[in-house]
Amino acid sequence: TTARRENRRHKFDDSWVVKDSAPGGLANGTVIPSFNGHVARLLWLGMEDRGVLKCHSREKMCLVYGYVTHVDAPLISSFVERWQPDTNSFHLHFGEMTIMLHDVWYILRIPIEGHLVDDQSSIDSLKGHAAELFGMPVGDLTGGPDGGESHWAGGRVSITSIDYFCRRRQPTRCDETQLTGWLFLLLGCTLFVDKSGNKIRPRDIVEALEPDSIHEFSWGSAALAYLYRQPHRERHVIGPGYPRSMLWNVRCEDKSTARLQSIRRQLDMLQALEVDWMPYRTNPSKDVPRTLMVGCIRYRDIVEPYMPDRSLHQLGRVQVVPMDILAPEFAMRPGTPVNKYNVNHSSAFADWAWRNFPYSTVLHLKNYDVAMGLGKSAPDYLLCYTHHSHPRLLRDSQTDREMMPSAASRQACDEVERLISMWNSMLGRQQESQHDSDGSETQ
275 TTARRENRRH KFDDSWVVKD SAPGGLANGT VIPSFNGHVA RLLWLGMEDR
325 GVLKCHSREK MCLVYGYVTH VDAPLISSFV ERWQPDTNSF HLHFGEMTIM
375 LHDVWYILRI PIEGHLVDDQ SSIDSLKGHA AELFGMPVGD LTGGPDGGES
425 HWAGGRVSIT SIDYFCRRRQ PTRCDETQLT GWLFLLLGCT LFVDKSGNKI
475 RPRDIVEALE PDSIHEFSWG SAALAYLYRQ PHRERHVIGP GYPRSMLWNV
525 RCEDKSTARL QSIRRQLDML QALEVDWMPY RTNPSKDVPR TLMVGCIRYR
575 DIVEPYMPDR SLHQLGRVQV VPMDILAPEF AMRPGTPVNK YNVNHSSAFA
625 DWAWRNFPYS TVLHLKNYDV AMGLGKSAPD YLLCYTHHSH PRLLRDSQTD
675 REMMPSAASR QACDEVERLI SMWNSMLGRQ QESQHDSDGS ETQ
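Here the numbering used here is used: the first residue of the sequence shown is 275, the next is one more, and so on.
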């Protein structure tokens, strides 16, 4: 019923759905059914090259508070082109990579455990909270400080207004109200950035109103759900000012199309052995157990699937054929126009999966072989992956196998690769056994 209602409302166009095979390697739409509406298809066919994306950030505001941002637009653009919303992962020729909950924790050090950020207060309620923050009637929100722009416009709150009132302390404003303003500004300028320029979404003011309990929410999962949705919903990528970004060097990157094309080719030729799969030098699930959750993560009305079994390399395990994707209740993923992009996953399922971890929604690492950080895959994984994914972005970077004219020759090549993979896996197990025995003798 919901699907039929959505179809009528959006005058359903399914041209973006893979019904049979698709150019670039897809035998069917089992894994990435929305590929026909993806920019990677246009690049493969040579139909369109949108070039370097404009990366939106709150760099000027972050500089005010002591944070320094670093955005490499061509590099980010080349990864966004490989992001598949059906799997929430980057597709490269050796498999999938993604951003996981433990990545958010190691980089940003914000809470992963806690309540889901699921409040969806009405606009009228949010306007009331904003008016209380600014110390004015709701009707005055359309005005601006010192006769400037409106405090509230287009369903968003002016960053300039929040900064103005937070910096100009008034006797009638208590410390908690001041803190609410700064927290509201911090959330909107770092974790939940959009392309509005000088405004932020009003919804985060609800949690900011309770400074003593704001740490009880899972801001890490909320930020990741929001990030999962952005590259393909607005066709722009966010560049938040990370609180640990003082460690980055500030420099101006070459934003030329030539550099973007060079990075595309490098990623097409990247080998699994060249990737640092375990950058934190430890099993990430020991520090962040929730990274093994299988289900959905949520930021208010945004619900996105979280499937760690698709990126076992990042957990130090041998990659095997993953489970089926978590399909949405309704999806509209056309390439253009972007304002028709609409995806609905079950919020009830997201809440259930979050509550039931680690009892029924957990990935058990003990069921998978240790990869020793080498990016190993099971013999049947790559064969399955190349038939259900889009391994490369550029047609002229195909391997010899992909350029073979007949299915029989490709099948023969696959068989040789399978035997080589089995041989390497056997050698790897022998090395691990030798390593374990050497460790026992030492002890």
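All C-beta atoms in this analysis are idealised placements derived from N, C-alpha and C, irrespective of residue type, glycine included.
Worksheet entry | Top-ranked residue by Cα proximity to residue 668, from 301, 297 and 289 | 297
Item to complete: Measure the C-alpha to C-alpha separation of residue 358 and residue 309 and round it to an integer number of angstroms.
Response: 8 Å
Item to complete: Tell me the start and end of each unbroken beta strand (DSSP E) in the region 438-508 that is at least 3 residues and wholly inside, in chain order.
Response: none
Discussion item. For the pair the region 371-382 and the region 558-575, tell me if three or more CB-CB distances fall below 8 Å.
Written reply: yes
Worksheet entry | Straight-line gap, residue 512 to residue 655 (C-alpha atoms, nearest Å) | Model confidence at residue 512 stands at a pLDDT of 33, short of 50, so the residue's coordinates are unreliable; what they give is reported in the following sentence. Each residue's alpha carbon lies about 32 Å from the other.
Practice prompt. Can you have a look at residue 619 and say buried or exposed, based on whether 16 or more other CB atoms are within 10 angstroms of its CB?
Written response: buried
Fill in: Nearest-angstrom Cα separation, counted from residue 551 out to residue 718
Outside the shown range of the chain, which is 275 to 717, sits residue 718, and nothing can be said about it.
Fill in: Inter-residue CB distance, residue 482 and residue 454 (contact presumed, cutoff 8 Å)
5 Å
Worksheet item: Can you tell me the Cα-Cα spacing of residue 626 and residue 311, whole angstroms?
Response: 31 Å
Worksheet item: How big is the Cα-Cα spacing for residue 504 and residue 450?
Response: 32 Å
Practice prompt. Identify every residue that forms a DSSP beta bridge with residue 358.
Written response: 363
Worksheet item: Which of the three DSSP states, helix, strand or coil, is assigned to residue 406?
Response: helix
Worksheet entry | CA-to-CA distance, residue 435 to residue 594, given in whole angstroms | 52 Å
Worksheet item: Where do the N-terminal and C-terminal ends of the beta strand (DSSP E) with residue 577 fall, by residue?
Response: 576-580
Worksheet item: Going by Cα to Cα distance, which pick from 537, 636, 584 and 350 is closest to residue 370?
Response: 584
Worksheet entry | Three-state secondary structure assigned by DSSP to residue 427 | strand
Worksheet item: Who are residue 572's beta bridge partners in DSSP?
Response: 577
Worksheet item: Between which two residues does the alpha helix (DSSP H) harbouring residue 543 extend?
Response: 531-543
Discussion item. Within a Cβ cutoff of 7 Å, which residues of the same chain sit near residue 447, ignoring the five residues on either side of it in sequence?
Written reply: 409
Worksheet item: If you run the structure through DSSP and keep just helix, strand and coil, what is residue 376?
Response: helix
Worksheet item: Between residue 641 and chain C, is there a C-beta pair that is closer than 7 Å?
Response: Any reference to chain C falls outside this structure, which holds one protein chain only.
Fill in: Simplified DSSP state of residue 557, which is helix, strand or coil
coil
Worksheet item: Mind checking whether residue 572 and residue 652 have CB atoms under 7 Å apart?
Response: no
Worksheet item: Do you know offhand how far residue 670's Cα is from residue 536's?
Response: 13 Å
Worksheet item: If we call anything under 7 Å between Cβ atoms a contact, is residue 403 one with residue 663?
Response: no
Practice prompt. State yes or no: is the C-beta of residue 643 within less than 7 Å of the C-beta of residue 592?
Written response: yes
Discussion item. Helix, strand or coil for residue 247? Go by DSSP, reduced to three states.
Written reply: Here the chain covers residues 275 to 717 and nothing more, so residue 247 does not appear.
Practice prompt. Can you tell me the Cβ-Cβ gap for residue 637 and residue 566, rounded? I've got them flagged as a contact below 8 Å.
Written response: 4 Å
Worksheet item: Across which residues does DSSP place residue 644 in a beta bridge pair?
Response: 591
Worksheet item: Run through DSSP, which three-state label would residue 390 get?
Response: coil
Worksheet entry | Beta bridge counterpart(s) of residue 370 as assigned by DSSP | 365
Worksheet item: If you draw a straight line from the C-alpha of residue 693 to the C-alpha of residue 289, how long is it?
Response: 39 Å
Worksheet entry | Burial state of residue 690 (16 or more Cβ within 10 Å) | exposed
Fill in: Straight-line Cα distance separating residue 392 from residue 506
In this predicted model, residue 506 has a pLDDT of only 47, less than 50, meaning its place in the structure is not dependable; the value taken from the coordinates is given anyway. When rounded, the distance between both Cα atoms is 22 Å.
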